[in-house]
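My numbering applies: residue 3 is where the sequence shown begins, and numbers increase by one.
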Amino acid sequence: MLVNVLFFSILVAALGLWAWRIRDHRADRAAMQRLAAAQPAAPACFDPAMVADLPEPARRYFLYTIQPDTPLHTVADITMAGRFGMGTKANPNYLDMTARQTLAMPAGFVWEMCAKRGLVRLSGSDSERWTRFWLMGLLPVARMGGDADHRRSAFGRYVAEAVFWTPAAVLPGPGVQWSLVDANCARLTVRHKGLEQSVDLTVAPDGQPVEVRFERWSNANPAKVHRRQPFGGTLSAFRAFDGFRLPTHVEAGNFFGTDQYFPFFVADVTNIDFL
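Here is the structure:
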């Protein structure tokens with residue numbers, strides 16, 4: 003009798019966790035559809051005159067990443083594979099990763115990821131609203147979000163990613179400004195619903211983006227305290243996608259530019275679809 007009760011209790015618990023995981027999947031899909039709906043139905047097309055008055059590095063960046071007459075789609079669906087580090091510089095503890103992301107700056111993003119090493123499986127999603135990951139598809143190991151710290155940290159992430167994956171979203175306009183840092187670096191500043199994030203973009207002489215760096219609001223530090231700290235990465239392997247020239251290899255991590263940096267995010271893009 004006791005064995006039957008124990009078995010039944012385990013079965014009920016497993017079914018409850020499975021239903022919880024399904025709800026997460028449905029929330030991911032609903033959020034992706036909401037963000038995809040932000041895509042302009044009949045966008046304007048790129049004209050180099052739109053960026054003629056920008057600081058020289060920013061102007062070169064736009065002329066490199068957007069071909070003339072390209073429809074200015076601002077929402078992208080991105081698929082990728084690579085490695086995701088769960089450890090430290092001394093022991094990165096990389097897992098093999100595949101992921102899909104809907105990116106819609108300034109509204110938000112959803113990044114769905116599945117990672118594995120040996121028998122270990124980690125899956126879940128990250129967005130401007132939540133971070134939630136599951137071990138082996140059934141055990142919740144991280145559930146965060148819904149507060150000002152998470153929203154501010156996420157905003158930094160997807161503003162920076164918009165610089166290299168959805169350049170039409172960072173063209174100058176309401177809430178979007180560019181300023182000069184030096185001959186090969188320009189600073190993007192985005193303001194949206196009480197949030198503000200600046201990102202420094204370094205470009206090659208031909209305008210190809212090679213590096214992004216910014217001060218991100220994060221608690222990824224030994225003290226586990228939210229604070230502004232360096233974040234950034236490098237961009238390479240550019241390919242053409244519907245009139246945009248975008249990087250398909252990205253390496254990024256905390257404390258970029260310091261001796262503590264290691265790229266916990268190493269991604270090779272397999273496709274970028276402007277929906």
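Positions of the beta carbon are idealized from the N, C-alpha and C atoms, including for glycine.
Alpha carbon of residue i to alpha carbon of residue j, nearest angstrom
i	j	result
His194	Leu121	42 Å
Ala156	Ala54	31 Å
Gly139	Ala33	20 Å
Asp208	Ala144	42 Å
His75	Tyr96	34 Å
Pro128	Ile68	Sequence inspection shows Asp at residue 128; the Pro mentioned does not correspond to that position. In a straight line, the C-alpha of Asp128 is about 28 Å away from that of Ile68.
Ala171	Asp79	14 Å
Gln199	Gly158	6 Å
Leu56	Thr236	23 Å
Ala44	Gln231	39 Å
Asp30	Leu37	11 Å
Ala101	Ala83	6 Å
Gln210	Pro70	16 Å
Ala188	Gly110	23 Å
Gly126	Thr168	23 Å
Val77	Phe276	6 Å
Gly234	Arg28	31 Å
Trp113	Arg25	16 Å
Trp62	Pro94	Looking at the sequence itself, residue 62 is Arg, so the reference to Trp does not match. Their Cα atoms are separated by approximately 35 Å.
Gln35	Glu130	15 Å
Range covered by the alpha helix (DSSP H) that runs through residue i
i	result
Tyr160	150–167
Phe64	58–67
Limits of the unbroken beta strand (DSSP E) element including residue i
i	result
Cys116	110–119
Met146	141–147
Asp275	267–275
Asp128	122–129
Met138	Here Met138 belongs to no beta strand (DSSP E), and DSSP marks it neither H nor E.
Val201	197–205
His251	246–256
Phe86	78–87
Phe233	229–243
Nearest candidate by alpha-carbon position, reference residue i, set the options
i	options	result
Asn186	Glu213, Ala171, Leu197	Glu213
Pro108	Gly177, Phe233, Phe264	Gly177
Asp49	Leu65, Ala39, Asn273	Leu65
Cys47	Arg189, Gly245, Arg62	Gly245
Cys278	Gly110, Trp132, Met99, Ala106	This structure cannot settle anything about residue 278, because the visible part of the chain is limited to 3 through 277.
Gln41	Gly89, Leu105, Thr81, Glu253	Leu105
Asp151	Ala222, Leu190, Val183, Pro142	Ala222
Glu253	Arg215, Asp261, Glu130	Arg215
Ala162	Val227, Val201, Asn93	Val201
Met88	Trp167, Arg123, Trp113	Arg123
Ala21	Trp132, Pro142, Thr90, Ala92	Pro142
Glu217	Pro224, Asn256, Gly148, Ile274	Asn256
His228	Asn273, Thr90, Phe264, Asp149	Asp149
Asp261	Ala92, Thr72, His251, Pro73	Ala92
In DSSP terms, what residue i is bridged to
i	result
Gln210	In the DSSP output, where bridge partners are listed per residue, Gln210 has none listed.
Met99	Gly84, Ala117
Ala106	Gly110
Trp180	Leu190
Phe216	Phe233
Gly259	Gly259 pairs with nothing; no bridge assigned.
Sub-8 Å separation of residue i and residue j beta-carbons
i	j	result
Ala60	Trp180	yes
Ala134	Trp219	Sequence inspection shows Arg at residue 134; the Ala mentioned does not correspond to that position. Contact flag unset, no.
Phe240	Leu248	yes
Asp85	Val271	For the sequence presented, residue 85 should be read as Arg rather than Asp. For Arg85 and Val271, no; Cβs fall outside 8 Å.
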